[in-house]
Amino acid sequence: MTASPLIACPKCRAWLLDDVFNREEMKPCPACGTPLRIEVFPALFREAVSGPSAQPVMIEGESSCFFHPQKKAVVPCGGCGRFLCALCDCEFGAQHFCPACLEAGKSKGKIKALENERSRYDSIALGLAVLPIVFFYFTIVTAPVALYVAIRYWNKSHSLVHATRIRLVLALILSLLQIGGWGAFFIYLATRK
Amino acid sequence: MAEPAYQRLTRDRIAQQFGVVAVPRVSLWLGSDHLLLVEHSGFTETYKRFYFRDIQAITVRGTPRQTIWNGVLALPLAIGLIGFMISAAPTRNPPATIFWAIFSVIFLLPFIVNNVRGPACVCQLRTAVQIENLGSVSRVRQARKVLDKIRPLIAAAQGQLAPEEVSLRLRAIAPGAKPQEPEPPPGSPPVLA
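Read top to bottom, the protein sequences are chains A and B.
The numbering of the first sequence is our numbering, which starts it at 1 and goes up by one.
The numbering of the second sequence is our numbering, which starts it at 1001 and goes up by one.
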């Protein structure tokens, strides 16, 4: 936690109060002389805001929270439509979700902004196509697997930041070449007299 | 939901930690309303998002890494150049000359790159709940470029602070610092202690 808005020198841990903030050039730390440049933004001084508390149902028949029947509903969930009280309402951008939908959205990758890990199937396919070349006999197994992975995950998004399919294409070409090579080798063995 | 487009801020750089299977590499990307720190480790990518509205401070600390690398590279480079000059002398020893030339180039190239990239630094990003090392920002010039790009975006999300304002606010909350009292308007009666 960084609860205190004070900023310490990253090297000597002395509190910094002057000179080094929001300057164009690096300035030495007054305590240890380490060159520093620190950009400070208004969020540093923003007070922590406590979340809203759920209101109890006052009138009989008033809509209540799905998870807390004694609490007044304030908004429906954008994922499942259940009524939510202020406590269960997870506001995400302009949308409102219940905790279950938010968790499901994260784990199933439906809410991209919550996604924090991806498997790179394109790298896996390319790795399977390239790495076993060193031990060539392994390619009899790994080439079909690389081909399968490349086709199976062709339409799956691979990376948030790299939108290209070049690895998959290379994996396809290499694995097809290896499979073709093995095929030619077995045909040669079968037809040899 | 369409995936956000990201603009690369820094190239992949080996994170300063050890990996068992693969060495993790990190890179920094600019999104529409956040920074994305991508860690590539083998066949997975891990994402950390820092929304502009949440960034409290960015710290750039100068380090002696450039000087250390210069020292490490200078010694074998000097040996290589001396060997090259001796072997290229009138006595002529072509194999030795080629050997020393290759030996020198091996150390000369990283020496040049190290100096072209400029002074080294460590960059940290601070939010209300974490201090994150931006491992891919490793040179002062690079840090300046990144800051020049993201500072206006953060300022658009939060506003800006003048250097004097930061100092005043920090002094007001620093331990032992007396809060500044507003000056009495001219002509008002003196305040009795």
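Note that the Cβ used here is the ideal one computed from N, Cα and C, for glycine as well.
- For Asn22 of chain A, the closest Cβ of chain B is nearer than 7 Å.
- Here Leu1077 of chain B is not near Leu1109 of chain B, since their CB atoms are 7 Å or more apart.
- The DSSP-derived three-state label of Trp154 of chain A is coil.
- Out of A:Ala104, A:Lys71, A:Ile151, the CA that lies nearest to the CA of Ser53 of chain A is found in A:Lys71.
- Annotation note: the region 78 to 166 of chain A contains the following uninterrupted alpha helix (DSSP H) runs of length 4 or greater, listed N- to C-terminal: 99 to 107, 121 to 130, 139 to 152.
- At the C-beta level, Leu1028 of chain B and Gln1007 of chain B stay beyond 7 Å of one another.
- At the C-beta level, Gly1159 of chain B and Pro5 of chain A stay beyond 7 Å of one another.
- Pro144 of chain A does not reach chain B, its nearest Cβ partner there being about 19 Å away, counting only Cβ pairs nearer than 8 Å.
- In the three-state reduction of the DSSP assignment, Leu1037 of chain B falls in the strand class.
- Non-local beta-carbon contacts of Arg1053 of chain B in its own chain, meaning distances under 7 Å to residues more than five positions away in sequence, involve Ala1157, Gln1158 in chain order.
- The secondary-structure analysis by DSSP pairs Gly1062 of chain B across a beta bridge with B:Cys1121.
- Residue environment: Thr191 of chain A is assigned as exposed (fewer than 16 neighbouring CB atoms within 10 Å of its CB, all protein chains considered).
- Sixteen is the threshold: when 16 or more other Cβ atoms of the shown chains lie within 10 Å of the Cβ of Leu1036 of chain B, as they do, the residue is buried.
- Among the bridge pairs identified by DSSP, Lys1048 of chain B is matched with B:Leu1037.
- Judged by beta-carbon spacing, Gly1118 of chain B lies within the 7 Å limit of Arg1141 of chain B, meaning their Cβ atoms are closer than that value.
- Annotation for Gly1135 of chain B: Arg1013, Ala1015, Gln1016, Val1026 place their beta carbon closer than 7 Å to its own, counting only its chain and skipping 5 residues before and after.
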